[in-house]
Amino acid sequence: MKQVELLTPIAGQLILLKAVKDPVFSQGMMGQGFGIEPSDGQVVAPISGKVTMVASTLHAIGFTSSDGLEVLVHLGIDTVEMADNPPFKVNVQVGDTVKAGEPVAIMDLAAINAANKATTVIVAVTNSNDMVAKLAPQVGEVRAGVVGAMIDLRADVKPNEPVATVTTKAGHGGKYADLASQIIANVGGPVNVKSVIHCITRVRFYLKDEQQANDDVIRNLKGVIDVAKAGGQYQVVIGPAVTDVYDAIVAQLGAGFGDDDASAIASEKEANRIAWQKMNPWEKVKHSMSSLIGVITGSMIPVIGLLAASGILKGVLALLTNFHVVSATESTYVIINAMGDSVFYFLPIFVGFTAAKKLGSDPIIMGIVGGVLTYPAIVGIATSGKVTSHLLGMAINANFFGIPVHVASYTYSIFPMIAGAWMAS
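As structure tokens, this is what we get:
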């Protein structure tokens with residue numbers, strides 16, 4: 471059995487992976503490895519090979535060795551949230567070839583501590599299931615670039631034989647084809663699947679009938695960690711290979727069953743859920759306010775250009791009117807006014823669509839809801855001023871199957887639609 475040295479990427483106190491204060495890593499969801507509480511900011515390559523990933527926020531670097539080991543070096547915990555001012559300097563890029571122990575990055579430990587983030591550096595072999603028979607970390611004080619763990623490769627991995635990157639082709643599914651076909655068969659077959667997405671650890675099925683799924687069989691499949699049911703989804707917990715398994719499943723079901731945009735949203739939500747569990751009450755309040763602001767800005771940014779253009783048109787129309795170029799009774803005025811006013815008037819439709827995309831609900835449905843709220847007859851009820859009765863001191867201007875209701879005007883509004891998109895999600 472071949473052994474491979476996995477070097478320490480940074481100096482400090484080497485700890486077992488289960489001691490890392492991040493459930494995704496400590497529970498082994500990203501593969502076997504270890505953590506280091508750093509005493510110095512110089513980061514070196516843990517293996518010789520190619521750089522296969524550098525996160526846009528610079529907090530994570532991926533390497534692949536000639537033996538096929540895929541190693542992730544994760545710099546700090548929750549440091550991805552420092553994306554606006556990353557406390558890292560990375561001097562390698564995807565495609566570079568590095569030697570074990572070669573400097574690849576620098577961490578600003580003081581900046582990370584000042585942001586109340588943990589500086590723990592995590593090393594994980596993300597393809598452990600395929601490659602690793604045993605990984606033995608050497609706990610204690612270490613320098614950067616020394617042996618942090620010895621890896622025993624699996625017996626079926628041939629020495630010095632690089633593992634080729636497996637791509638999934640429609641109708642096949644690559645090396646995860648067997649697992650994918652077994653999962654599909656045991657969730658009730660293709661006819662029982664409406665759609666499928668994934669997050670950072672789970673393949674999430676929307677099934678027509680969850681009762682047809684054989685939980686015990688799926689749970690005991692090699693490559694499956696567990697089965698869970700939540701939010702109308704049948705969730706198969708895979709771990710670090712989730713993207714490959716998802717691709718293999720979609721390859722067998724057909725491209726129409728997958729949704730990459732929804733998968734990205736689900737991954738973000740899963741990461742946020744894990745982060746939420748680790749927050750204290752004050753951090754949760756701050757995170758909630760930050761998330762609310764993020765939803766509002768994310769919902770409005772796509773229409774800001776339209777609003778600006780509409781505002782310019784309204785300004786031009788005011789000038790034309792003031793200088794008596796056109797009058798308010800002319801059709802020219804009506805047409806230009808409609809061009810400038812329509813975006814504001816029908817804003818609930820646009821915001822409903824963009825908020826739904828941001829929050830993960832159905833954009834078309836939310837657009838239709840916005841259309842109902844701005845429907846002329848509904849707006850007419852809201853602006854008629856007629857009051858049919860009073861309930862608890864509130865004016866009631868309509869009834870629905872005899873039930874007193876108050877219809878408000880939602881034209882020009884955004885917050886009701888954002889709230890509606892959140893409820894729909």
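Residue numbering for the sequence shown follows my numbering, starting at 471 and increasing by one per position. Each residue gets a CB set at the ideal place from its N, CA and C atoms; glycine is no exception.
Is residue i helix, strand or coil by DSSP?
i              : result
threonine 799  : coil
glutamine 681  : helix
aspartate 963  : With the chain covering 471 to 895 only, the question about residue 963 has no answer from this structure.
leucine 528    : coil
asparagine 869 : strand
alanine 606    : strand
alanine 734    : helix
arginine 672   : strand
isoleucine 480 : coil
serine 831     : coil
leucine 486    : strand
serine 895     : coil
valine 765     : helix
valine 875     : strand
valine 908     : Only positions 471 to 895 of the chain appear in this structure, which leaves residue 908 out of reach.
valine 612     : strand
Whose C-alpha, out of the options, is nearest the C-alpha of residue i?
i                 : options                        : result
asparagine 807    : Phe823, Pro818, Leu789         : Leu789
isoleucine 838    : Met620, Leu817, Thr853         : Leu817
valine 609        : Leu487, Val541, Ile866         : Leu487
phenylalanine 533 : Ile547, His794, Ser518         : Ser518
isoleucine 531    : Gly850, Asp566, Tyr845         : Asp566
aspartate 600     : Gly709, Ala606, Asn555         : Gly709
lysine 520        : Ser780, Gln563, Ser526         : Gln563
glycine 768       : Ala585, Ala779, Phe885, Ile576 : Phe885
isoleucine 805    : Lys784, His794, Phe793, Thr824 : Lys784
isoleucine 654    : Ile670, Leu677, Thr671         : Leu677
asparagine 750    : Asn586, Thr549, Arg689, Asp578 : Asn586
valine 568        : Val513, Lys604, Phe495, Gly890 : Val513
glutamine 722     : Gln652, Ala778, Asp679         : Gln652
aspartate 437     : Gly775, Arg624, Asn690, Gly724 : Past the boundaries of the shown model lies residue 437; the chain is included only from 471 to 895, so the question cannot be answered.
threonine 596     : Met523, Ala553, Gln502, Ile834 : Gln502
lysine 472        : Lys604, Asp548, Ala553, Met552 : Lys604
Would residue i pass as a contact of residue j if the rule is Cβ separation under 8 angstroms?
i              : j                 : result
alanine 515    : alanine 570       : yes
valine 661     : phenylalanine 727 : no
serine 831     : alanine 894       : yes
valine 821     : methionine 887    : yes
threonine 844  : threonine 802     : no
valine 697     : valine 707        : yes
isoleucine 782 : serine 733        : no
glycine 511    : isoleucine 576    : yes
alanine 718    : tyrosine 646      : yes
leucine 539    : valine 474        : yes
asparagine 656 : isoleucine 688    : yes
leucine 542    : alanine 580       : no
Which residues does DSSP list as the beta-bridge partners of residue i?
i              : result
glutamate 540  : Thr534
methionine 577 : Phe558
valine 568     : Gly519
valine 697     : Val706
glycine 503    : Ala594
isoleucine 806 : According to DSSP, isoleucine 806 bridges with nothing at all.
glutamate 753  : DSSP lists no partner for glutamate 753.
serine 665     : Tyr676
valine 474     : Ile621
glycine 726    : Its beta-bridge partners do not exist; DSSP assigns none.
isoleucine 547 : Ala588
glutamine 512  : Ile576
query: Is the stretch 586–597 in contact with the stretch 485–503, if contact means three or more CB pairs nearer than 8 angstroms?
result: Counting Cβ pairs under 8 angstroms, three or more are found: they touch.
task: Tell me, please, whether the stretch 610–627 touches the stretch 506–514 by the rule of three or more beta-carbon pairs shorter than 8 angstroms.
output: Yes: at least three Cβ pairs fall under 8 angstroms.
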